[in-house]
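**Q** Just so it is clear: in the sequence shown, position 296 is 296 by UniProt numbering, and no numbers are missing.
Below: one structure in structure tokens.
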Amino acid sequence: MPSHEPVPAGRSRRPAGAPLTARLADPRYGSATITPHLLRYLTLVAAERGHDLGPSLRRAGLSEAALSAVGQRVSYRQGSSVIREAMRDLGDPALGLAVGRRQRVTAWGLVGLGLQSSETLQDALRLGVRHHGVTGSMLDYRIEPVPEGAAILATARYTDSGLRAFLLEEAFGSIVALIRDAWHEGFAPHSLAVRHARPPYGDEYERYFRCPVTFGAPDDRIVFGQTCLDSPLPGADAYTLAQVVELLDAARSRRRERQDLVQGLEVSVARGLPHVPSLGQQALARGMSERTLRRRLAEDGTSYEALVDSVRLVRAEELMTTSDLPLHRIAAMLGFSDARTLRRAVARWFGTSPSAMRGSAARGQ
């Protein structure tokens with residue numbers, strides 16, 4: 001969310017432009033716009049190893065039942081919180097690869113069906129990149145031609161080194177897993193390149209991807225040879241593909257409209273803090289009735305009250321981890337009646353106290 005009241009001089013704990021502040025300045029960080037496919041498979045992998053992610057999900061305001069609910073969306077903040085705790089508790093630095101390789105083509109829902117029914121691998125990849133938002137991705141993608149054939153490039157939405165390797169490994173690992181599932185088990189990409197340094201488990205990359213891997217590269221990409229791209233897929237079905245594409249295009253259009261609505265409301269709330277516009281005021285500003293606005297938010301799996309809560313959560317995290325402002329001052333800036341109300345909200349949001357949260361931030365955790 002935009003920062004609308006500067007931290008007084010001498011109060012900042014971190015330099016301007018620090019990664020956390022950059023994340024919090026982006027409305028997408030706290031917006032529940034991501035389908036929870038990744039978290040579903042992370043929960044599955046954890047359960048197969050005897051670990052229950054239920055407490056981590058609850059601390060993020062989620063549950064296993066919610067992850068399976070049709071239309072459920074999570075925010076980047078919620079997703080990153082659960083992933084961090086899973087990485088810590090499971091103690092597996094290659095957890096991203098494990099989650100990626102565990103997936104099957106059905107994991108991506110309609111997009112998976114579209115991949116299966118595409119005529120060639122190249123058609124399937126183009127469809128997947130165009131509609132990656134439906135798959136619950138926490139990265140952004142683009143596809144571009146290269147001398148070898150084509151490459152999918154992944155871009156992190158935030159400067160978040162603690163999660164970056166996990167997200168890339170899950171992303172590239174799941175792409176390869178789905179192709180092997182939809183086409184043939186012997187598939188291997190032409191090459192793989194990632195920006196991060198070679199990890200201690202680097203050999204696992206070569207074993208799983210079965211191709212040359214470059215660490216410390218200028219960007220993050222998985223390259224496909226032209227012969228593979230031109231290969232026909234066994235499940236190709238033009239009729240089914242046309243139906244899937246129609247549904248995906250409609251969903252993409254609705255998703256964009258709803259994201260614009262949600263993010264517009266969040267920006268309005270953030271700008272208004274500590275005063276929060278009423279639902280009626282928001283509806284009037286958008287030329288619709290209060291009932292219509294409430295219905296449209298419900299269709300997106302949220303409510304105005306939840307959006308206000310999300311805005312306050314993100315702003316509270318920013319103020320408590322990047323400044324030394326007293327709690328009563330932060331409470332007033334967020335529109336809370338007193339510091340006690342803020343403490344209760346922090347416990348509900350983060351499962352901890354403001355002092356513990358600030359202590360972790362001071363230690364760089």
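Yeah, the Cβ is synthetic: ideal placement off N, Cα and C, and Gly gets one too.
(1) DSSP has aspartate 220 in a bridge; who is on the other side?
(2) Check the Cβ-Cβ distances between glycine 301 and every residue of chain B, and say whether any is below 8 angstroms.
(3) Where does glycine 225 fall in DSSP's three states?
(4) Mind pulling the alpha helix (DSSP H) runs of 4 or more residues that sit fully within the region 163-211?
(5) Sort Gly54, Trp349, Gly235, Ala316 by Cα distance to histidine 184 and report the nearest one.
(6) Excluding the 5 residues preceding and the 5 following valine 63 in the sequence, name in chain order all residues of the same chain whose CB lies nearer than 8 angstroms to its CB.
(7) Buried or exposed for histidine 132, going by 16 or more other Cβ atoms inside 10 Å?
(8) Residues in its own chain within less than 6 angstroms of aspartate 300 by CB, not counting five upstream and five downstream?
(9) To the nearest angstrom, how far is the alpha carbon of alanine 250 from that of glutamine 72?
(10) I need the boundaries of the beta strand (DSSP E) containing arginine 145, first residue and last residue.
(11) Just how far apart, CA to CA, sit alanine 60 and arginine 40?
(12) Rounded to whole angstroms, what's the CA-CA distance from alanine 22 to glutamine 263? Just pull it up for me.
(13) Count the CB pairs spanning the region 108-122 and the region 171-183 that are closer than 8 angstroms, and state whether there are at least three.
(14) Roughly how many angstroms separate the alpha carbons of arginine 198 and arginine 207, rounded to a whole number?
(15) Please name the residue in Ser75, Val213, Ala362 whose C-alpha comes closest to that of serine 323.
(16) Between the C-alpha atoms of arginine 329 and arginine 271, what's the straight-line distance to the nearest angstrom?
(17) Per DSSP, what kind of secondary structure is proline 93 in: helix, strand or coil?
(18) Confirm, please, whether the CB-CB distance from histidine 190 to glycine 149 is below 8 angstroms.
(19) Pull up the distance between the alpha-carbon of leucine 153 and that of proline 145, whole angstroms please.
(20) Under the three-state reduction of DSSP, which class applies to glycine 149: helix, strand or coil?
(21) Looking at the secondary structure, which residues open and close the alpha helix (DSSP H) in which glutamate 257 lies?
(22) Give the secondary structure of arginine 23 by DSSP, where H, G and I count as helix, E and B as strand, and everything else as coil.
(23) Among the candidates Gly91, Glu48, Leu44, whose CA atom is the shortest distance from the CA of tyrosine 201?
(24) Per DSSP, isoleucine 330 forms a beta bridge with which residues?
(25) Got a sec, what are the start and stop residues for the alpha helix (DSSP H) alanine 305 sits in?
(26) Thinking just about the alpha-carbon of each residue, which of Ser137, Arg210, Val74 is nearest to the one in glycine 186?
(27) So threonine 292 and alanine 283 are supposed to be a Cβ contact under 8 angstroms. How far apart are they, rounded?
(28) What does proline 232 pair with, by DSSP beta-bridge criteria?
(29) Taking the CB atoms as reference points, tell me whether leucine 110 and leucine 233 lie closer together than 8 angstroms.
(30) Does the Cβ of histidine 37 have 16 or more other Cβ atoms within 10 Å, making it buried, or fewer, making it exposed?
(31) Measure the alpha-carbon distance for arginine 164 versus aspartate 338 and round it to whole angstroms.
(32) Kindly list the residues whose CB is nearer than 6 angstroms to the CB of glycine 351, restricted to its own chain and excluding five residues on each side of it in sequence; keep chain order.
(33) Between which residues of its own chain and serine 174 is the CB-CB distance below 6 angstroms, once the five residues before and five after are set aside?
(34) Can you tell me whether leucine 121 sits near the ligand ADP, meaning its C-beta is under 7 angstroms from at least one heavy atom of the ligand?
(35) Using the Cα positions of proline 8 and leucine 319, report the straight-line distance between them to the nearest angstrom.
**A** In this structure, then:
(1) BP columns for aspartate 220 point to Ala154.
(2) Checking the listed chains, one finds no chain B in this structure; it contains a single protein chain.
(3) Look at glycine 225 here: in three-state DSSP terms it is strand.
(4) Taking only runs of at least 4 residues, the alpha helix (DSSP H) segments lying wholly in the region 163-211 are 202-209.
(5) Taking only the C-alpha atoms, the option nearest histidine 184 is Gly235.
(6) It should be pointed out that residue 63 corresponds to serine in this sequence rather than to valine. Setting aside the 5 residues that flank it on each side, serine 63 is surrounded in the same chain by Gly54, Leu57, each with a C-beta closer than 8 angstroms to its C-beta; the list follows chain order.
(7) With 16 or more Cβ atoms within 10 Å of its Cβ, histidine 132 is classed as buried.
(8) Cβ neighbours of aspartate 300 within its own chain (closer than 6 angstroms, five residues either side excluded): Arg258.
(9) Using only the alpha carbons, I get a separation of about 18 angstroms.
(10) The residue you asked about is not arginine; residue 145 is proline in the sequence shown. Residues 139-146.
(11) Spanning the alpha carbons of alanine 60 and arginine 40 requires a straight line of approximately 14 angstroms.
(12) Reliability fails at alanine 22, whose pLDDT of 43 lies under 50, so the model's placement of it is uncertain and the value that follows must be treated cautiously. Each residue's Cα considered, the two are about 17 angstroms apart.
(13) These segments touch.
(14) Between arginine 198 and arginine 207, the C-alpha separation is close to 14 angstroms.
(15) Measuring from the Cα of serine 323, the nearest candidate turns out to be Ala362.
(16) Approximately 17 angstroms between the Cα atoms of the pair.
(17) Here proline 93 sits in coil by DSSP.
(18) In terms of Cβ geometry, glycine 149 and histidine 190 form a close pair [threshold 8 angstroms].
(19) Computed Cα separation, rounded: 11 angstroms.
(20) Of the three classes helix, strand and coil, the one that applies to glycine 149 here is strand, per DSSP.
(21) Bounds of the alpha helix (DSSP H) holding glutamate 257 are 238-272.
(22) Because the pLDDT of arginine 23 is 48, which lies under 50, any placement of that residue in the model is unreliable, and the number read from its coordinates should be weighed accordingly. Three-state result, arginine 23: helix.
(23) With distances taken between Cα atoms, tyrosine 201 lies closest to Gly91.
(24) Note: isoleucine 330 sits in no beta bridge, so no partner.
(25) The sequence shown places glutamate at residue 305, not alanine. Residues 304-322.
(26) Minimum Cα distance to glycine 186 is reached at Arg210.
(27) Their Cβ separation, rounded to whole angstroms, is 7 angstroms, which keeps threonine 292 and alanine 283 in contact under 8 angstroms.
(28) Thr120.
(29) With respect to the 8 angstroms criterion, leucine 110 and leucine 233 are not classified as neighbours on the basis of their beta carbons.
(30) Counting the other CB atoms within 10 Å of its CB gives histidine 37 a total of 16 or more, which places it among the buried residues.
(31) Each residue's alpha carbon lies about 37 angstroms from the other.
(32) Hits under 6 angstroms: Arg59.
(33) Within the same chain, serine 174 has close Cβ partners Gly100, Gln103.
(34) In terms of ligand content, the structure shown is empty, and the ligand ADP therefore cannot be addressed.
(35) With a pLDDT of 35 at proline 8, under the threshold of 50, the predicted position of this residue should be treated as unreliable, and no value is reported.
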